[in-house]
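Residue numbers (the numbering used here): 177 to 241.
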């Protein structure tokens, strides 16, 4: 698992990967943490974050130009 932490070591975001492919990201920690599914393209570049709570709401997208 790869993560980003603040200066005090508190997790900001943790990334869950299967091999080289990111599949989920958890922002925050404890009861306020929010998890998102990551969809990727053929090169495993993240293209969309989907709210894991409902499985349908896109909260971030980067479409190819």
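Ideal placement from N, C-alpha and C gives every residue a C-beta, glycine not left out.
Non-local beta-carbon contacts of residue 217 in its own chain, meaning distances under 6 Å to residues more than five positions away in sequence, involve 223 in chain order.
Annotation for residue 184: no residue places its beta carbon closer than 8 Å to its own, counting only its chain and skipping 5 residues before and after. Only residues of its own chain outside the window of five on either side were considered, and among them 187 and 188 have a CB closer than 8 Å to the CB of residue 181, listed in chain order.
In this structure, residue 213 keeps its C-beta atom at 8 Å or more from the C-beta atom of residue 229. In the structure shown, residue 211 falls within a strand segment according to DSSP collapsed to helix, strand and coil. A check of alpha carbon separations from residue 232 across 211, 194 and 190 identifies 211 as the nearest.
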